[in-house]
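Since the structure comes first, as structure tokens, the remarks are kept for the end.
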Amino acid sequence: MNQSQQHPNALSEQHRERRPDAHSPPRAANDEAPATPHYDEAQLAALASRIRSWARELGFGAVGISDIDLSNAEAGLAAWLDAGCHGEMDYMAKHGMKRARPAELVAGTRRVISVRMDYLPAHLPRSSDARKDDESAHSDVQHDWRLEERARLNDPSAAVVSIYARGRDYHKVMRNRLQQLADRIEAEVGPYGHRVFTDSAPVLEVELAQKAGTGWRGKHTLLLQRDAGSLFFLGELFVDLPLPTDAETAPERAPETPGAHCGSCARCIGACPTGAIVGPYQVDARRCISYLTIELKGSIPQDLRPLIGNRVYGCDDCQLVCPWNKFAQAAPVDDFDVRHGLDRASLVELFGWSAEDFDTRMQGSAIRRIGYECWLRNLAVGMGNALRAAPQSISAGAREAIVDALRKRADDPSPLVREHVEWALEAAWQR
1 MNQSQQHPNA LSEQHRERRP DAHSPPRAAN DEAPATPHYD EAQLAALASR IRSWARELGF
61 GAVGISDIDL SNAEAGLAAW LDAGCHGEMD YMAKHGMKRA RPAELVAGTR RVISVRMDYL
121 PAHLPRSSDA RKDDESAHSD VQHDWRLEER ARLNDPSAAV VSIYARGRDY HKVMRNRLQQ
181 LADRIEAEVG PYGHRVFTDS APVLEVELAQ KAGTGWRGKH TLLLQRDAGS LFFLGELFVD
241 LPLPTDAETA PERAPETPGA HCGSCARCIG ACPTGAIVGP YQVDARRCIS YLTIELKGSI
301 PQDLRPLIGN RVYGCDDCQL VCPWNKFAQA APVDDFDVRH GLDRASLVEL FGWSAEDFDT
361 RMQGSAIRRI GYECWLRNLA VGMGNALRAA PQSISAGARE AIVDALRKRA DDPSPLVREH
421 VEWALEAAWQ R
């Protein structure tokens with residue numbers, strides 16, 4: 001998946017990758033907060049309007065303001081955690097209901113400013129009518145960039161990295177721009193209580209964004225927007241300012257219910273390679289390829305390895321089939337442009353990287369956080385699946401190169417790597 005989203009029934013990409021967040025100095029619940037500036041309703045409305053303008057100047061494609069009542073999400077969060085669907089992501093259970101209670105997470109919070117930033121690399125081809133909002137959004141034809149991505153998935157020797165992770169670490173990009181927004185507000189109103197979040201703390205980002213009127217939750221659990229699909233990151237600015245919410249000031253942007261514009265479409269559910277979308281709006285992270293290749297630190301369950309295919313970091317399948325992603329927008333910044341050829345690299349090429357190569361090339365990338373060992377683990381699974389692919393789908397030369405590369409790591413010092421290399425080579429021995 002590709003949003004930095006957290007949800008009680010989903011592993012979010014947007015899911016997904018924890019980072020320290022940027023904020024004004026945190027305070028405990030009993031700490032004295034900065035004195036909140038006093039404004040009348042008209043002044044607060046004008047400030048909210050300026051905040052939206054500043055956010056768009058910073059490259060955010062959508063911005064909304066919501067209150068902090070997420071009580072409707074608490075039951076779903078508790079049930080998801082109780083079922084163990086978060087897998088080894090202990091931080092999700094550790095924070096408990098704080099995820100649904102912003103004021104407990106940051107004392108004094110009264111409003112949440114939610115923003116979106118598109119991440120589709122500008123060089124990817126897009127449909128000429130991608131901006132049209134008409135019935136063609138539901139066409140069965142897969143357009144442009146999605147065709148390229150599907151071609152990569154159908155090439156067993158290719159290494160497929162989720163689109164959002166091919167460029168610069170989104171945490172850094174989003175955090176920097178959200179902090180600029182926070183600073184701009186402070187320049188206007190003086191010191192105020194605030195904290196920036198970019199998939200870096202226990203925040204129900206999709207719930208907040210939906211409440212702010214910036215979209216609806218799709219059946220894959222990601223936020224969807226009519227003009228942008230789901231290929232964007234989410235970020236939040238918690239503030240102690242009593243700003244008017246979008247639900248109060250813009251009835252046309254009232255919070256939309258989950259699946260508001262999905263109708264009977266369930267393509268995302270059927271497209272999930274591992275069956276991780278166990279029902280509409282419900283993801284079992286333990287089966288999600290994003291979890292298996294990013295969050296899981298140990299051995300990938302053997303029954304799931306063949307289903308991963310050549311996806312070595314994350315998975316975009318549920319987004320590739322979504323009709324709304326015909327409208328996916330190009331990133332407003334070049335930070336998300338592809339680095340180090342990650343959109344065209346082969347499994348053998350990446351498997352040949354040394355630890356130094358990995359650290360150097362992945363500097364500033366979200367991929368670096370999984371470490372070299374898990375990187376090799378993921379690639380070994382992809383190579384094992386390539387060896388198990390139909391003979392007509394991979395050349396004899398590519399197959400031979402994969403076997404040679406795996407054999408060179410048969411004695412790798414890492415037990416985790418050796419285990420997955422051995423599994424991969426079993427396919428060669430069985431032929």
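Residue numbers (UniProt numbering): 1 to 431.
A virtual CB, placed ideally from N, CA and C, is assigned to each residue, including glycine.
Asked	Found
Residues that DSSP places opposite W216 in a beta bridge	L224
C-beta contact flag for V196 and A345 at 9 angstroms	no
Heavy atom of the ligand NAP within 8 angstroms of S162 beta-carbon	Among the components of this structure there are no ligands whatsoever, and the ligand NAP is therefore not found.
Nearest candidate by alpha-carbon position, reference L84, set V283, R409 and E149	This sequence places Gly at residue 84; Leu is not what is there. Minimum Cα distance to G84 is reached at V283.
Per-residue DSSP class, three states only, for M97	helix
Three-state secondary structure assigned by DSSP to C302	According to the sequence provided, residue 302 is Gln. The question's Cys does not apply to it. It is coil, neither helix nor strand.
E295 versus L416: straight-line alpha-carbon distance, rounded	15 angstroms
Under the three-state DSSP convention, the category Y291 falls into	helix
Outcome for Q319 when other beta-carbon atoms lying within 10 angstroms are tallied against a minimum of 16	buried
Residue environment, D199, which counts as buried when at least 16 other CB atoms sit within 10 Å	buried
A266 vs P280 beta-carbon contact at 9 angstroms	yes
Neighbour-count burial assignment, H194, 16 or more Cβ in a 10 Å radius	buried
Residue environment, K219, which counts as buried when at least 16 other CB atoms sit within 10 Å	buried
Bridge partners - G64, DSSP secondary structure assignment	S114
Cβ neighbours of F232 in the same chain (closer than 7 angstroms, five flanking residues each side left out)	Q3, G61, R116, M117, D118 and Y119
7 angstroms CB neighbourhood of D317 in its chain, flanking five on each side removed	A271, C272 and P273
Stretch-stretch touch, CB-based, cutoff 8 angstroms, three pairs: the stretch 297 to 315 with the stretch 198 to 216	no
Proximal residues to L350 (C-beta, below 6 angstroms), its chain only, five neighbours per side dropped	A159 and L379
A247 vs D357 beta-carbon contact at 9 angstroms	no
Residue closest to K94, alpha-carbon to alpha-carbon, out of A331, P202, V381 and K172	P202
Per-residue burial, Q6 [other beta carbons within 10 Å of its own, 16 or more giving buried]	Confidence in Q6 is poor, its pLDDT being 41 and thus under 50, which makes the residue's placement unreliable; the coordinate value appears in the next sentence. Burial call: buried.
Between the CA atoms of I394 and L387 - distance to the nearest angstrom	8 angstroms
Terminal residues of the alpha helix (DSSP H) in which I269 lies	R267 to A271
Assigned exposure category for N325 - 16 Cβ within 10 Å defines buried	buried
Identified DSSP bridge partners for S365	According to DSSP, S365 bridges with nothing at all.
Three-state secondary structure (DSSP) of S414	coil
Under 9 angstroms between C-beta atoms of F327 and G213	no
Coil, strand or helix - G235 by DSSP	strand
Burial state of T257, where buried means 16 or more other Cβ atoms lie within 10 Å	exposed
At least three beta-carbon pairs within less than 8 angstroms, the stretch 100 to 113 to the stretch 68 to 82	yes
Alpha-carbon to alpha-carbon, L77 and H420	34 angstroms
Continuous beta strand (DSSP E) stretch holding V312: start and end	R311 to Y313
Classification of G385 by the beta-carbon crowding that lies within 10 angstroms, buried from 16 upward	Looking at the sequence provided, one finds Asn at residue 385 rather than Gly. By the 10 Å Cβ count, N385 comes out buried.
Cβ neighbour criterion (16 or more within 10 Å) applied to S114	buried
Simplified DSSP assignment, three categories, for Q180	helix
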